[in-house]
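Quick note on this note's numbering: the sequence shown kicks off at 3 and runs consecutively. The C-beta atom is built at its ideal place from N, Cα and C for all residues, glycine as well.
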Amino acid sequence: NTLANEYSVDGTVLIICQRINHAVALHELIHGSYLATGQDDIKVRQDIIDKMRLGTGVFIATNIWDEGVDIPALDCIILASGGKSHVRQLQRIGRGLRTSDGKKMLTVIDFYDTLNRHLRTHSDLRIETYENEGFAIEKV
3 NTLANEYSVD GTVLIICQRI NHAVALHELI HGSYLATGQD DIKVRQDIID KMRLGTGVFI
63 ATNIWDEGVD IPALDCIILA SGGKSHVRQL QRIGRGLRTS DGKKMLTVID FYDTLNRHLR
123 THSDLRIETY ENEGFAIEKV
């Protein structure tokens with residue numbers, strides 16, 4: 003909640019989740035956020051996309067927005083979904099790499115998961131992708 007609110011003060015934040023129940027839980031925790039899942043009809047999803055293009059706020063979506071959504075105004079993407087797919091990771095980040103007026107950079111927040119060796123391996127693979135693409139990485 004703190005990360006999303008911090009980055010949404012002057013920008014647009016997209017939080018991408020793998021599962022609907024995770025997205026719903028985050029939506030309930032982050033006051034004023036917008037939620038889009040595959041269960042929403044196309045008009046609801048389009049209205050949310052239009053709001054993203056207009057201004058600041060926190061938007062939460064499942065993997066329905068992995069492809070085919072152009073939102074250049076994104077300032078921050080929070081990857082709350084994990085995974086190891088190089089292609090999916092770059093597609094998600096690509097949502098925010100497009101340029102727009104006044105935008106200086108995109109911040110991507112990813113989580114290093116140490117719960118078990120498989121999730122740690124997935125995290126290592128995502129870091130490798132960031133390094134191979136030449137992205138600046140700050141570990142906190």
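Alpha-carbon spacing of Lys53 relative to Thr123, whole angstroms: Counted from its first residue, the sequence shown places residue 53 at position 51. Counted from its first residue, the sequence shown places residue 123 at position 121. Each residue's Cα considered, the two are about 36 Å apart.
Based on the DSSP secondary-structure assignment, which residues constitute the bridge partners of Thr14? As a working note, residue 14 is residue 12 in the sequence shown. Answer by DSSP bridge pairing, in chain order: Gly59 and Leu76.
What does the alpha-carbon distance come out to for the pair Thr14 and Gly59? What you label residue 14 is simply residue 12 of the sequence shown in a count that begins at 1. What you label residue 59 is simply residue 57 of the sequence shown in a count that begins at 1. Thr14 and Gly59: Cα-Cα distance of roughly 5 Å.
Cβ-based neighbour list, Leu121, same chain, cut-off 7 Å, excluding 5 preceding and 5 following: For the purposes of this step, residue 121 is identified with residue 119 of the sequence shown, where counting begins at 1. Counting only Cβ-Cβ distances below 7 Å, and skipping sequence neighbours, we find Gly84 and Asp115.
Answer with buried or exposed for Phe113, where buried requires no fewer than 16 other C-beta atoms within 10 angstroms of its C-beta. For the purposes of this step, residue 113 is identified with residue 111 of the sequence shown, where counting begins at 1. Exposed, by the Cβ-count rule.
Check this for me: beta carbons of Thr131 and Gln91, under 9 Å apart or not? Walking along the sequence shown from the start, residue 131 turns up at place 129. Walking along the sequence shown from the start, residue 91 turns up at place 89. Going by C-beta atoms, Thr131 is nearer than 9 Å to Gln91.
Using the C-alpha atoms, what's the distance from Lys86 back to Ser10? If you number the sequence shown from 1, residue 10 lands on position 8. If you number the sequence shown from 1, residue 86 lands on position 84. Looking at the two C-alpha atoms, the distance is approximately 27 Å.
Provide the residue(s) that pair with Asp112 in DSSP beta bridges, ordered along the chain. Position 110 of the sequence shown, counting from 1, holds the residue named residue 112. Paired residue(s): Leu81.
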